[in-house]
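What follows is one structure encoded as structure tokens, with my remarks underneath.
There are 2 protein chains.
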Amino acid sequence: MPDIQPARYDVIAIGNAVVDVIASCEEELIDELQLNRGGMTLIDEARADELYEAMPPAREISGGSAANTLAGLATLGLQCAFIGQVADDQLGKVFRHDMRATGIDFDTPAREGDPATGRVLIFVTPDGERTMNTFLGAGQYLPAAALDEELIASGAILYLEGYLWDPEEPRRAMRRAIEVARDAGRKIAFTASESFVIDRHGDDFRAMIDDGVIDILFVNETELATLTGEDDFEAGLAQVAGKVPVLVATRSEKGAVAIAHGERAEVAAVPVIKVIDTTGAGDQFAAGFLSGYARGEPLTRCLKRGAIAASEVIAHYGPRPEADMVKLMEERL
Amino acid sequence: MPDIQPARYDVIAIGNAVVDVIASCEEELIDELQLNRGGMTLIDEARADELYEAMPPAREISGGSAANTLAGLATLGLQCAFIGQVADDQLGKVFRHDMRATGIDFDTPAREGDPATGRVLIFVTPDGERTMNTFLGAGQYLPAAALDEELIASGAILYLEGYLWDPEEPRRAMRRAIEVARDAGRKIAFTASESFVIDRHGDDFRAMIDDGVIDILFVNETELATLTGEDDFEAGLAQVAGKVPVLVATRSEKGAVAIAHGERAEVAAVPVIKVIDTTGAGDQFAAGFLSGYARGEPLTRCLKRGAIAASEVIAHYGPRPEADMVKLMEERL
Chain R
305 MPDIQPARYD VIAIGNAVVD VIASCEEELI DELQLNRGGM TLIDEARADE LYEAMPPARE
365 ISGGSAANTL AGLATLGLQC AFIGQVADDQ LGKVFRHDMR ATGIDFDTPA REGDPATGRV
425 LIFVTPDGER TMNTFLGAGQ YLPAAALDEE LIASGAILYL EGYLWDPEEP RRAMRRAIEV
485 ARDAGRKIAF TASESFVIDR HGDDFRAMID DGVIDILFVN ETELATLTGE DDFEAGLAQV
545 AGKVPVLVAT RSEKGAVAIA HGERAEVAAV PVIKVIDTTG AGDQFAAGFL SGYARGEPLT
605 RCLKRGAIAA SEVIAHYGPR PEADMVKLME ERL
Chain G
305 MPDIQPARYD VIAIGNAVVD VIASCEEELI DELQLNRGGM TLIDEARADE LYEAMPPARE
365 ISGGSAANTL AGLATLGLQC AFIGQVADDQ LGKVFRHDMR ATGIDFDTPA REGDPATGRV
425 LIFVTPDGER TMNTFLGAGQ YLPAAALDEE LIASGAILYL EGYLWDPEEP RRAMRRAIEV
485 ARDAGRKIAF TASESFVIDR HGDDFRAMID DGVIDILFVN ETELATLTGE DDFEAGLAQV
545 AGKVPVLVAT RSEKGAVAIA HGERAEVAAV PVIKVIDTTG AGDQFAAGFL SGYARGEPLT
605 RCLKRGAIAA SEVIAHYGPR PEADMVKLME ERL
């Protein structure tokens, strides 16, 4: 066990630095463009241009899974820092502004030249479901050299997103970050992000779980099934629960389950009047949960915070909280 | 009277090509940054950077007064084309995309080099009031040479915004466009935009009104007072009504008045559950009104359309309609 220094940050995240381009659309357009309804698909720039051409008028809002979670955590009063790769362009400036304006330290230098800052073309159908198409752009070139290791060592929790495990350079960077954080005695939180990521990198993830590298694992129901090969939710939970100190499994409108050090807790979803846009639901659930966990709150309360945060974000467009979250938690907890 | 050709477009607009950067903020920030609460202030790039630095996290949505009106008109099924100047950058592409995706023809070539595409930093206070700070960027260099005169001659109505009267090049371009449109026997619609514009260019506007150049004039209560020097609303109306065939004067929550060819009509504001962001209220009122007027509907019905369109846009962030406006009109008219 290393000699653990007091943490300067509650959470440090490494993730995609992207701007969401969010448009409402009819169901038919999803079919017409052959999109992966409800999922996240990696696309190249040519496909991004093609889809943008066909997209209804949109709004641009900073996104990125781990970045969204961090925004949620900062809104809830936690000290946060972000590591991610933007290009030196207007969308990169937008992303950086939105992070810093949320109170998050974000100093990874912008990358010169092409490609541009990543963007996610999000088609939101009338049921509120989001279909994401991600051009990673500059984000796929986050180099291990860009990591501020002193910074990483200074955060109580290092939060990583599976989405960024896909491109090679950021994957290497995250592996290095995990070493640095563990050497400093920090906790590793990991969100599996998407089943397709597990399809491609499940062996890595399972090895990390088996080796005890992951302290807090966030999955949704589908991801748990892909990760474990178990279609039955309870069987999936049983397979992973003993291997990670904290397992959080979300099930959309069916609520969520957490198993931590043998203790199990469940929470129902917090109902919303109308689901506008589900983008960021998982990210904000993670933010709510971690905001309680980082402060040592009981497991049920952590889950409740997650459900409240998720209910706020799906009631409006965009993946980050718009409400006064501290007040909302006070009212609803 | 020239030989009038059938119009290919219902409305052609010349206006600012800008992207709105919209953030919610507390009242105190307005004072702290010494903003002109509820108004629109022209700012240079240095001030834009300074204000952006101090701005909470934001969403980017295409804006521009005349462009917003056109978006409203297109949503209501009218054939529209836009003329305006963006730079060859990411925000310029966003603006062009959003116009075209709304069904508006927009072919003014992007301008190379600095400055960037214009942006409006909008601070929205908890009462929904918007405080706009506009860096015109490339927009201020719209040259008369960029006008497609054949296009202008092919629109039944040429719609112009006062905001763009301020920079010299676009003012010259709009004067030329007015000549072209009038020679083709088209109608000129003009929105005064803001009292500060009238402070600076009121003589131009009054001369155009006196000379019978303006067929349809949109003003709000404050602008009417600045334009006429009459603090009394009715006295202001009386001074202008005889000089323009159609006068539309909006009064926010007090509704609106139109006087056309001696006939007077009034409408109450359409109540909304909660005012989120008043940005675009005047623009969408104009869109609603013109959508009826262009189809020869009775004056009261045109006003009602304006009030409905305004009520939709102030119930969400951003200056352009998000609802199915054709359906909304059917339900509420």
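Protein sequence lines correspond, in order, to chains R and G.
Taking the numbering used here, I'd label the letters of the first sequence as residues 305 to 637.
Taking the numbering used here, I'd label the letters of the second sequence as residues 305 to 637.
Virtual Cβ for every residue (Gly too), placed ideally from N, Cα, C.
Inset, instruction - Give the residues of chain R in contact with E622(G), contact being defined as C-beta atoms less than 7 Å apart. - result: According to the sequence shown, residue 622(G) is Gly rather than Glu. Within chain R, the C-beta atoms nearer than 7 Å to that of G622(G) come from R363, in chain order.
Legend entry - Proximal residues, the stretch 394–413 of chain G versus chain R, C-beta separation under 7 Å: Q394, L395, V398, H401, D402, A405, T406
Legend entry - CB contact flag (E534(G), S499(G), <7 Å): no
Legend entry - Under 8 Å from the C-beta of S366(R): neighbouring residues of chain G: P361
Legend entry - Cβ-based neighbour list, R312(R), same chain, cut-off 8 Å, excluding 5 preceding and 5 following: Q383, S458, G459
Legend entry - CA nearest to the CA of A562(G), picked from R609(G), L531(G), V484(G): R609(G)
Inset, instruction - List the endpoints of the continuous alpha helix (DSSP H) containing S369(R). - result: 369–379
Legend entry - Endpoints, the alpha helix (DSSP H) within which M478(G) is located: 472–487
Legend entry - Candidates L337(G), G566(G), R555(G), L551(G), of which the one nearest F427(G) by Cα: L337(G)
Legend entry - I387(R), buried or exposed, once every other Cβ within 10 Å from all chains shown has been counted against 16: By the 16-neighbour rule on beta-carbons within 10 angstroms, I387(R) is buried.
Legend entry - Distance between beta carbons of I456(R) and K491(R), contact taken as under 8 Å: That pair is no contact at about 12 Å.
Legend entry - Complete beta strand (DSSP E) runs within the stretch 371–454 of chain G (minimum length 3 residues, chain order): 384–387, 421–428, 434–441
Inset, instruction - Could you tell me whether the stretch 440–448 of chain R touches the stretch 470–477 of chain R, where touching means 3 or more Cβ pairs closer than 8 Å? - result: yes
Inset, instruction - My understanding is that G466(R) touches T438(R), with C-beta atoms under 8 Å, so please give their C-beta distance in whole angstroms. - result: G466(R) to T438(R), Cβ: 13 Å. No contact.
Legend entry - DSSP state of G559(G) mapped onto helix, strand, coil: coil
Legend entry - For T254(R), the three-state DSSP class (helix, strand or coil): As shown, chain R starts at 305 and ends at 637. That puts residue 254(R) outside it, with no answer to give.
Legend entry - Residues near A362(G) by beta carbon distance below 7 Å, same chain, minus five either side: V325, I326, A327
Inset, instruction - Would you kindly check if the distance between the Cβ of V424(R) and the Cβ of D470(R) is under 7 Å? - result: Not closer than 7 Å, so no.
Inset, instruction - Let me know the alpha helix (DSSP H) ranges lying completely inside the stretch 307–356 of chain G, each 4 residues or longer, listed in chain order. - result: 331–336
Legend entry - Residue of G342(G), V323(G), A614(G), P360(G) minimising C-alpha distance to A405(R): P360(G)
Legend entry - Beta-carbon proximity of L374(G) to A317(G), cut-off 7 Å: Contact flag set, yes.
Inset, instruction - Note the first and the last residue of the continuous alpha helix (DSSP H) segment covering K608(R). - result: 603–617 is the span of the alpha helix (DSSP H), which, as asked, contains K608(R).
Inset, instruction - Report, in whole angstroms, the separation of the C-beta atoms of F589(R) and A627(R), which I expect to be a contact under 8 Å. - result: About 15 Å; that fails the 8 Å criterion.
Inset, instruction - Please state whether DSSP places K578(R) in a helix, a strand or coil. - result: Here K578(R) carries a coil assignment [DSSP, helix/strand/coil].
Inset, instruction - Could you give the DSSP three-state label for L284(R): helix, strand or coil? - result: Because chain R in this structure spans residues 305 to 637, residue 284(R) falls outside the shown range and cannot be described.
Legend entry - Whole-angstrom distance between L551(R) and K558(R), CA atom to CA atom: 17 Å
Inset, instruction - Given a cut-off of 7 Å, decide if R434(R) and T532(R) are closer than it, judged by their beta-carbon atoms. - result: no
Legend entry - CA nearest to the CA of V398(R), picked from G367(G), G407(G), L637(G), V323(G): V323(G)
Legend entry - Neighbourhood of I308(R) by C-beta distance below 6 Å, restricted to the same chain and skipping five residues each side: G489
Inset, instruction - Taking R356(R) as the query, report the chain G residues whose CB atoms sit under 8 Å from its CB, ordered along the chain. - result: Looking at the sequence shown, residue 356(R) is not Arg but Tyr. Within 8 Å Cβ-Cβ: H401.
Inset, instruction - Below 8 Å on the Cβ atoms is my guess for G622(R) versus I365(R); work out the distance and round it to an integer in Å. - result: 4 Å
Inset, instruction - Look up Y463(G) in the DSSP assignment and say whether it is helix, strand or coil. - result: strand
Inset, instruction - Reducing DSSP to helix, strand and coil, say where A362(G) ends up. - result: coil
Legend entry - Contact under 7 Å by Cβ, A585(G) with A614(G): yes
Legend entry - Environment of H401(G) [buried if 16+ CB atoms lie within 10 Å]: Buried, by the Cβ-count rule.
Inset, instruction - Report the rounded CA-to-CA distance for A511(G) versus A553(G), giving the unit in angstroms. - result: 19 Å
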